[in-house]
Every structure is written in structure tokens, then in C-alpha cells.
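Peer 1:
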Amino acid sequence: MTHSLHLWLIPALPLIGAAINGLFGRRFSRQTVAAIALAFCGGTFAWVLFVCARFSSLTLPHSEFFAHWIRSGGFLVNFEFYLDQLTLVMLLIVTGVGFLIHIYSVAYMWEEGGFYRFFSYLNLFMFFMLTLVLAGNYLQMFIGWEGVGLASYLLIGFWFSKDSAASAGKKAFIVNRIGDFGFLIALFLMIKHFGSLNFGQVFSAVAPLPVETIGFGVLTSIGLLLMVGAAGKSAQIPLYVWLPDAMEGPTPVSALIHAATMVTAGVYMVARSHVIFDHAPNALTVVAIVGTLTALFAATIGIAQTDIKKVLAYSTISQLGYMFMACGVAAYSAGIFHLMTHAFFKGLLFLAAGSVIHAVGGEQDMRKMGGLKQYIPWTFLTMSIATFAIAGFWPLAGFFSKDEILWQVYSSPHGSWVFWLIGVVTAFITSFYMFRLWFMTFFGDYRGRAADVHAQPAHGHTEHDHGDPHESPLVMLVPLAVLAVLSAIGGFAKYWPGGGIEHFLSPVFYPIVAETAPDLAAEAAKRSTEYLLMAISLGSAALGLYLAYLLYYKRQDLPQKIATALNGFYEAVVHKYYIDELYATLFVKPLVDGSTRILWHGVDQGVIDAAVNDAAAGANHLSDAARHMQSGNLRSYAGWIAAGGAVVIAYMIWMGV
Amino acid sequence: MVPVSYYLILSGILFACGVIGFLIKRNIITIFMSIELMLNGVNLSFVAFAAHWQQLSGQVFVFFVMVVAAAETAVGLAIIIAVYRTRETLNVDQVNLLKL
Numbered sequence: 115m116t117h118s119l120h121l122w123l124i125p126a127l128p129l130i131g132a133a134i135n136g137l138f139g140r141r142f143s144r145q146t147v148a149a150i151a152l153a154f155c156g157g158t159f160a161w162v163l164f165v166c167a168r169f170s171s172l173t174l175p176h177s178e179f180f181a182h183w184i185r186s187g188g189f190l191v192n193f194e195f196y197l198d199q200l201t202l203v204m205l206l207i208v209t210g211v212g213f214l215i216h217i218y219s220v221a222y223m224w225e226e227g228g229f230y231r232f233f234s235y236l237n238l239f240m241f242f243m244l245t246l247v248l249a250g251n252y253l254q255m256f257i258g259w260e261g262v263g264l265a266s267y268l269l270i271g272f273w274f275s276k277d278s279a280a281s282a283g284k285k286a287f288i289v290n291r292i293g294d295f296g297f298l299i300a301l302f303l304m305i306k307h308f309g310s311l312n313f314g315q316v317f318s319a320v321a322p323l324p325v326e327t328i329g330f331g332v333l334t335s336i337g338l339l340l341m342v343g344a345a346g347k348s349a350q351i352p353l354y355v356w357l358p359d360a361m362e363g364p365t366p367v368s369a370l371i372h373a374a375t376m377v378t379a380g381v382y383m384v385a386r387s388h389v390i391f392d393h394a395p396n397a398l399t400v401v402a403i404v405g406t407l408t409a410l411f412a413a414t415i416g417i418a419q420t421d422i423k424k425v426l427a428y429s430t431i432s433q434l435g436y437m438f439m440a441c442g443v444a445a446y447s448a449g450i451f452h453l454m455t456h457a458f459f460k461g462l463l464f465l466a467a468g469s470v471i472h473a474v475g476g477e478q479d480m481r482k483m484g485g486l487k488q489y490i491p492w493t494f495l496t497m498s499i500a501t502f503a504i505a506g507f508w509p510l511a512g513f514f515s516k517d518e519i520l521w522q523v524y525s526s527p528h529g530s531w532v533f534w535l536i537g538v539v540t541a542f543i544t545s546f547y548m549f550r551l552w553f554m555t556f557f558g559d560y561r562g563r564a565a566d567v568h569a570q571p572a573h574g575h576t577e578h579d580h581g582d583p584h585e586s587p588l589v590m591l592v593p594l595a596v597l598a599v600l601s602a603i604g605g606f607a608k609y610w611p612g613g614g615i616e617h618f619l620s621p622v623f624y625p626i627v628a629e630t631a632p633d634l635a636a637e638a639a640k641r642s643t644e645y646l647l648m649a650i651s652l653g654s655a656a657l658g659l660y661l662a663y664l665l666y667y668k669r670q671d672l673p674q675k676i677a678t679a680l681n682g683f684y685e686a687v688v689h690k691y692y693i694d695e696l697y698a699t700l701f702v703k704p705l706v707d708g709s710t711r712i713l714w715h716g717v718d719q720g721v722i723d724a725a726v727n728d729a730a731a732g733a734n735h736l737s738d739a740a741r742h743m744q745s746g747n748l749r750s751y752a753g754w755i756a757a758g759g760a761v762v763i764a765y766m767i768w769m770g771v
Numbered sequence: 029m030v031p032v033s034y035y036l037i038l039s040g041i042l043f044a045c046g047v048i049g050f051l052i053k054r055n056i057i058t059i060f061m062s063i064e065l066m067l068n069g070v071n072l073s074f075v076a077f078a079a080h081w082q083q084l085s086g087q088v089f090v091f092f093v094m095v096v097a098a099a100e101t102a103v104g105l106a107i108i109i110a111v112y113r114t115r116e117t118l119n120v121d122q123v124n125l126l127k128l
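Sequence lines, in order, name chains A and B. Numbering of the first sequence is given in my numbering, commencing with residue 115 and proceeding in unit increments. Numbering of the second sequence is given in my numbering, commencing with residue 29 and proceeding in unit increments.
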């Protein structure tokens, strides 16, 4: 047992920050609020770095007990922290990217009302996310899981006076509940069958079980239910609908919660539960299919979106689909690797998009942007790096991780060339819509001046007058620059000295498999296939770039023509395949109608309210009758007393007392 | 020796007179006197029983009742005077401000 690293400090620090800002922040100046938020978030990051420095001296997995929680017969749940390579990677991503986004937010949110509220929520989010990541059992993970949902709800609805923001928050929360329901049932099944929720105990109970290749056993059920939870949190088909709406929140929130960290919790959970999934190949296949379909589906919707943040939201869904694709073929480390690079470049894309929105005075419609390259050169530069990274150009981060996933889905025993093909098509579409965004935003002429920029300020930049677009302050540009560097070089984590990230993560995912001597001939054959596939995916990215260049730079009349030619299909894509409408008709409307007619008018008003009201009315009538005894007439009082006395005496005589 | 039931019947008649007077009279003074009549009706039954059972406690009780009645009379008369000064009437039907 190595001595304690005080892992509890990692989630506790942001919680303290959230509490201070939340309780007293109203009286503080903006400087104080920002200083508190940054200090506690930065403190956590520093502590994670400290843990990182001590990491090599630990016996893994390193577990720290904090407190007893539930003791019920033989069932025991503790507050405990669990640290292994996977946790460490997640901790670094969450606190590192989180800290950068905190810095960025200080400038971005400076002129907004509720500044202290924003930072309190943001710190609260960090607390729950770190609880989730550090959890030593599923129940503690579930607390973090629910908590990040809460923080997400609060931050999506940050501008709660805006109706769309408030309902987007509700939508996110409710859709997530559906996923959480699956997660909870999975937990109940674990308690029933393994009698514990502790990671170590569950996994060691699962490990000796036979692999459920055929049929629908316990492990398959647990795996599928966990996947339902992951689909809710990580916005996969069929529960992805909340994420695009979540863009109603402030842009740093979109970057932190809805791109870099929270939405990847599902991937983390699946990777953490890999022992269960390894024993349930059918569940694994479902994960891969869901991921693949989501990746393709969301990418196609992304093509026709005009809101810059909506494009990025669909892109996030699509990229999360890639991660699930990787997990679905049991290539968890590839999934986590993509999670990491995605956190860098998608966080950067959102922050840069925020900088663009800031520059043009709150406008989010790309049709009213254009030509911003010369106005905001730094934002342009960083966003270009992120765009090339997500499109998968060598040597940026996205290339390595996406390529790794594509290679794994092709070569893994669980994989198939179908997944690979869809993956490559998605990569092409990704490249296309990202460069569409890039060209529409930064090239051509500025189209914002003609229309009234202030018509619908999507966020509160109404105070200062917007003439020409202007570059964001340095506080915003520094996080952009740091993330840009990470997006550029993050992919080389694959070639880290000493084996790279996948080698680093392998003790988590393949604890049993010993190092086998590599078969050189087979290795060489594999290598040549890998290079071929790499070339194809690179080619598809380049094709996407070229197509976007052609349509949105060279021949800007073409997109309109194509849209007209593909009338029906184009309409469907613009309306996101009418999924929201479909859900509204299938689920929301029956629920609302049923709740209104039966539960509200019938049960609530008819039974509960009626019972309470009738009881009160009855008491009212009774006392109204009794009130007349209090006439104020002295002799009537005397009469009542005499009558009462007579009754008592009559009673006593009657009873013979 | 007069039987105790005689005393009790007289006591009951006195008490009933007091009750009826209390209920039908409107003048506060008369009502007050009716109360005294009721008290004395009860006192009579106390002493009758005391004599019958050869027990002193009944007579002691009568003294208590008299003392309390005297105190009550003092307070009651003071209230009646106060009422008369403010309301200029002794008719209880017109003194009904406590009504709901």
C-alpha cells in the first residue's frame, strides 16, 4: 500500500470554489469571482499534475478509501477513489481543458449578468465530472453522472429568461433521464448478480464467467443497459437529440461540457466497464453499430446546418460515434485516444467559434459571416489548425486517433469492413462540413454588415457597439493558442517515448494478455494494409476539403443549385431528418396530452385537489354552523351552559352513576 | 328531625329559581342576584349533607363558597358600575360587543 495521494482533494477543490462563488459570489466583484474560480480549478489541475508526477511509483490500480457510505447486510458501498492509467488520462483532459476553458470564460462572460453564477456552475461541473472519473464504484460514478447532468442543465439554461434556452435545458435533462434509467437498471442487475458495485469486485466476478456469444444473458443485458446510459449522456442514436439544442448555453459551456468532457463520459463508462463488454460480444456489436450509425447520421445533418455552433454540435455527436465505434470493436484505447484528441480540437473549435461569435457581436449564423480572416487573424489561425485536425490531416491530432480507430474497426476480430467503409465516408463528410464552415466563416466577403447584426443577439453583447468584427482579448486567445498546440501535436501521444498512449492504457484493458513475440511477416503485411487504409482516409479528407473549396469558395452559386436539385432530401437534412418532429409526435405529445388530461385534470385536480378542497370546504361549513352559538348574547351563553349541565346530569342519571 | 330530602328539594327549588332568573332577566343586577341565589341553593345542600353525615367538610366548603362569592360580588359590582358608566345601560342584550 503506497501512501495516500489525497485524491479526494481533486474533486473537493472545485466544490469549494463552487460553494464560495455560489453562496457569496453575488457580493463579490467580477475580479474576485474569477480569481476564486480560477484558483480552485487551477489548484485541482496542479494536484492532478502532482499525482501524475507520482504516478510511476504507484501500484496500480491505486485505490483510496474516503468514507463508508452504504452498509446494508453484505452489500457495501464506499466513497472511494480509483486511480489507474485510464483515470489519469481522463483527469488530465478534464482538469487541463477545463482550466483553459475557465480562463477563456473569464473574458467571454465578462459582460454577462450572473457572472458569479456561471463560475459557480462551472466549478460545480468540474466537481461532478471529477467525481465521475475518480469513482471507485458504479454508484459513486452514478452520482457524478447525475451531477454533470445537473450542471449541464443549469448551464444550458444559463440565460433562463430566454424561452429556448430554458426548454433546451429541460430537454437535455429529460432525455438524459431516459439514459440514466438504463444505467440504474444495469446497476441493480450488478447488485443482484455480483452483490457489489465496486469496480474491482464486479470485474473479478465477471472475469471467470464464460463469454456470452449466443443468447441474451446477464452480461449482455448489463452491457446493453450501460450502453443505453452511455447513449443518453454521450448523445448517441436514439438519444442524441438534446445535444444540438444544448448549444443554447454559453459557448465555453458548449466547449467544456458538450464537446470536451461530459459527453465523453459515456465513452469513459463503456471503456471502464470493458470487462463486462468483453464477455458480451453481442452488446459490443450493438455499441459498434450505434456508434457507426450515429457517426454517419450526425455528420450528414451537419452538412446543412447554418448555425456555426449547431454544425459543431452535430460534429461532436459524429465524433462521439467514432469513439463508440472504437469501443464497439474492443479497441478501447483507440476510443480513449480519440476522446483525448477530440477534447483538444473540439474544445478549440468551440472556443474559436465563441471568439468568432464574440467578434461579430453575437451572430451565430454563418450566412452572415464570411471574410473574417483579416479581422480576427489569431482566431482564424487556431481554428484552421482545429479544422484540419478534425478533418484528419497529417500530422495533426485528429489524423492519428481517427486513423487508429479506422484501422482497429477494420482489423479487430470484432470489426468489419462495413464499419470501416462507413467510417471513411463519415471522415469525408466530416472534412466537407468542417471546411464548409471554415470557408463560409473566414473567406469571401463579410456579409454581416448588410443585415442588422443586432437583430437577434444570441448572447448578451448588446452593451458595446459592434462596428467591424474585432479580435478577442488576449485572455481568450491564450487558451486558444494552447489548445491549438495540443491539437497540432496531441496525435504524437501515439508515439510517446516508451510505447505511446495505447501502450500506456493497455494494462487497464488487456491485463491478462502477455507480450507475445510479434510475428514479423504478419506484422509487415498488416502494416502495408494499414498504410493503404491511412492513404484512403487521408484522401477522403482531402476530397472533402476540395469539395468544400469548390462549393463554398470557388462556385458559391453551386450549393443553392444542388439544394434545389435534391429538393426533398435537402429539406429533410435541413430539418434534421424530422427526428425532433417524430419524437414530438411519438413520445412528447402523447405524454403531454396524457399528463394534461389524465394526470393533471383527472388525478391531480379531480382526486387530490378535490379531496383537499372538499375537506377544507366541509370544515368551513361546519364551523359556519357552529359560529352561530357565539351570539354575543349573555343569556344565550347561560342557556347553553344550563343545557349542557342538564345533559350531563341526565347522562349521569341515565348511566346510574 | 327534618329529613335531608326536604333540604335537597328546597335547595333544588332555590337553584332552579336562580337559573330561571339568570336566563329570563335582562337587568344585570337581577342576573347577579340570581347567581347568588344559585350559590346559596348549593350551600344549603352542602350544610344539609354535612348535618346528615356528621361531617365538617361540607360546612367548611360553605365558608369557602361564601368567601369566593363575596370576592366575586365585589369584582362583579365593579364591572357592573364600569359597564353602566360606559354603556349607560344595565340591559345585557345591549351589551353584546363580544359577538362574532
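All C-beta atoms in this analysis are idealised placements derived from N, C-alpha and C, irrespective of residue type, glycine included.
Would A:H393 and A:L301 qualify as a contact pair, given that the criterion is a beta-carbon distance under 7 Å?
Peer 2: Numbered from its first residue, the first sequence carries residue 393 of chain A at position 279. Numbered from its first residue, the first sequence carries residue 301 of chain A at position 187. Against a cut-off of 7 Å, the Cβ pair of A:L301 and A:H393 comes out as no contact.
Peer 1: Which stretch, first to last residue, makes up the beta strand (DSSP E) that contains A:A181?
Peer 2: Translated into the one-based positions of the first sequence, residue 181 of chain A becomes position 67. It spans H176 to S186 - the beta strand (DSSP E) in which A:A181 sits, taken as one unbroken run.
Peer 1: Within a Cβ cutoff of 8 Å, which residues of the same chain sit near A:E362, ignoring the five residues on either side of it in sequence?
Peer 2: For the purposes of this step, residue 362 of chain A is taken as residue 248 along the first sequence, with counting starting at 1. I270, G271, W273, K276, S278, A279, A282 and G283.
Peer 1: Since A:L268 sits in a beta bridge, which residues does DSSP pair it with?
Peer 2: Residue numbering aside, residue 268 of chain A sits at position 154 when the first sequence is read from its first letter. BP columns for A:L268 are empty, so no partner.
Peer 1: Quick one: residues in its chain with C-beta nearer than 6 Å to the C-beta of A:I536, no 5 flanking neighbours on either side, listed in chain order?
Peer 2: As a first step, residue 536 of chain A must be located in the first sequence, where it is residue number 422. Counting only Cβ-Cβ distances below 6 Å, and skipping sequence neighbours, we find T406 and L410.
Peer 1: For the beta strand (DSSP E) that contains A:E194, what are its first and last residues?
Peer 2: What you label residue 194 of chain A is simply residue 80 of the first sequence in a count that begins at 1. Counted as a single uninterrupted DSSP element, the beta strand (DSSP E) harbouring A:E194 occupies residues F189 to L197.
Peer 1: Check whether the segment 434 to 451 of chain A and the segment 381 to 397 of chain A touch, using three or more Cβ-Cβ pairs below 8 Å as the test.
Peer 2: yes
Peer 1: Determine the closest residue to B:M66 out of B:K53, B:G46 and B:L72, with distance taken between C-alpha atoms.
Peer 2: Looking up residue 66 of chain B in the second sequence gives position 38. B:M66 has its Cα closest to that of B:G46, out of B:K53, B:G46 and B:L72.
Peer 1: Indicate whether at least one CB of chain A lies closer than 7 Å to the CB of B:N124.
Peer 2: One-based indexing of the second sequence puts residue 124 of chain B at position 96. Closer than 7 Å: yes.
Peer 1: How would you call A:V208, buried or exposed, if buried means at least 16 neighbouring beta carbons within 10 angstroms?
Peer 2: Within the first sequence, the letter at position 94 stands for residue 208 of chain A. Of the residues assessed, A:V208 falls on the buried side of the cut-off, its CB having 16 or more other CB atoms within 10 angstroms.
Peer 1: Given that a residue counts as buried once 16 or more other Cβ atoms are within 10 Å of its Cβ, and exposed if not, what is A:F330?
Peer 2: By one-based count along the first sequence, residue 330 of chain A stands at place 216. So A:F330 counts as exposed.
Peer 1: Using a Cβ-Cβ distance under 7 Å, would A:L748 count as near chain B?
Peer 2: By 1-based counting over the first sequence, the position of residue 748 of chain A is 634. Output row for A:L748: interface = yes.
Peer 1: Out of B:R113, B:E64 and B:I107, which one is the CA nearest neighbour of B:V90?
Peer 2: Taking the first residue of the second sequence as position 1, residue 90 of chain B is located at position 62. It is B:E64 whose Cα lies nearest to the Cα of B:V90.
Peer 1: Which chain B residues are close to A:G753, counting only those with a beta carbon under 7 Å from its beta carbon?
Peer 2: Taking the first sequence and counting its residues from 1, one reaches residue 753 of chain A at position 639. By Cβ distance, chain B contributes L51.
Peer 1: Say whether chain A places a C-beta atom closer than 7 Å to the C-beta of B:V70.
Peer 2: On the second sequence, residue 70 of chain B is found 42 positions in, with the first residue counted as 1. So no, B:V70 is outside the interface.
Peer 1: Based on DSSP bridge pairs, tell me the residues matched to A:A249.
Peer 2: The count along the first sequence starts at 1 and reaches residue 249 of chain A at position 135. Beta-bridge pairing links A:A249 to A:F195.
Peer 1: The alpha helix (DSSP H) with A:S620 in it runs from where to where?
Peer 2: Here residue 620 of chain A refers to the residue found at position 506 of the first sequence. Per DSSP, A:S620 belongs to the alpha helix (DSSP H) from G614 to F623.
Peer 1: Could you run through the segment 756 to 767 of chain A and flag, in chain order, every residue whose CB is less than 8 Å away from some CB of chain B?
Peer 2: Going along the segment 756 to 767 of chain A in chain order, one finds A756 with a Cβ nearer than 8 Å to chain B.
Peer 1: Specify whether the segment 518 to 531 of chain A and the segment 443 to 450 of chain A touch according to this definition: at least 3 beta carbon pairs, one from each stretch, less than 8 Å apart.
Peer 2: yes
Peer 1: Under 7 Å between beta-carbons, which chain A residues line up against B:V120? List them in chain order, please.
Peer 2: Within the second sequence, the letter at position 92 stands for residue 120 of chain B. Those are L748 and R749, listed as they occur along chain A.
Peer 1: Of the choices B:N55, B:S73 and B:Q83, whose alpha-carbon is the least far from that of B:I23?
Peer 2: Past the edges of chain B, shown from 29 to 128, lies residue 23 of chain B, and the structure says nothing about it.
Peer 1: At a Cβ threshold of 7 Å, is B:V47 touching chain A?
Peer 2: Position 19 of the second sequence, counted from the start, is the residue given in the question as residue 47 of chain B. Chain A contact via Cβ: present.
Peer 1: Assign A:T245 to one of two classes, buried (16 or more other C-beta atoms within 10 Å of its C-beta) or exposed (fewer than that).
Peer 2: Within the first sequence, the letter at position 131 stands for residue 245 of chain A. The residue is buried, with at least 16 neighbouring Cβ atoms inside 10 Å.
Peer 1: Against chain E, does A:L357 count as a neighbour if the rule is that its beta carbon must be under 7 Å from one of theirs?
Peer 2: No chain E is part of this structure, whose protein chains are labelled A and B.
Peer 1: Suppose contacts are defined by Cβ-Cβ distances below 7 Å. Is A:A373 in contact with A:T334 by that definition?
Peer 2: As a working mapping, residue 373 of chain A is identified with position 259 in the first sequence. As a working mapping, residue 334 of chain A is identified with position 220 in the first sequence. Contact flag unset, no.
Peer 1: For A:D479, which residues does DSSP report across the bridge?
Peer 2: Residue 479 of chain A sits at position 365 when you count from the first residue of the first sequence. In DSSP, A:D479 forms a bridge with A:D421.
Peer 1: Could you tell me which residues DSSP pairs with B:F55 in its beta bridges?
Peer 2: Working through the second sequence from its first residue, we reach residue 55 of chain B at position 27. Going by the sequence as given, residue 55 of chain B is Asn instead of Phe. For B:N55, which the question treats as bridged, DSSP gives the partners B:N119.
Peer 1: How would you call B:N55, buried or exposed, if buried means at least 16 neighbouring beta carbons within 10 angstroms?
Peer 2: For the purposes of this step, residue 55 of chain B is taken as residue 27 along the second sequence, with counting starting at 1. Exposed, since its Cβ has fewer than 16 Cβ neighbours within 10 Å.
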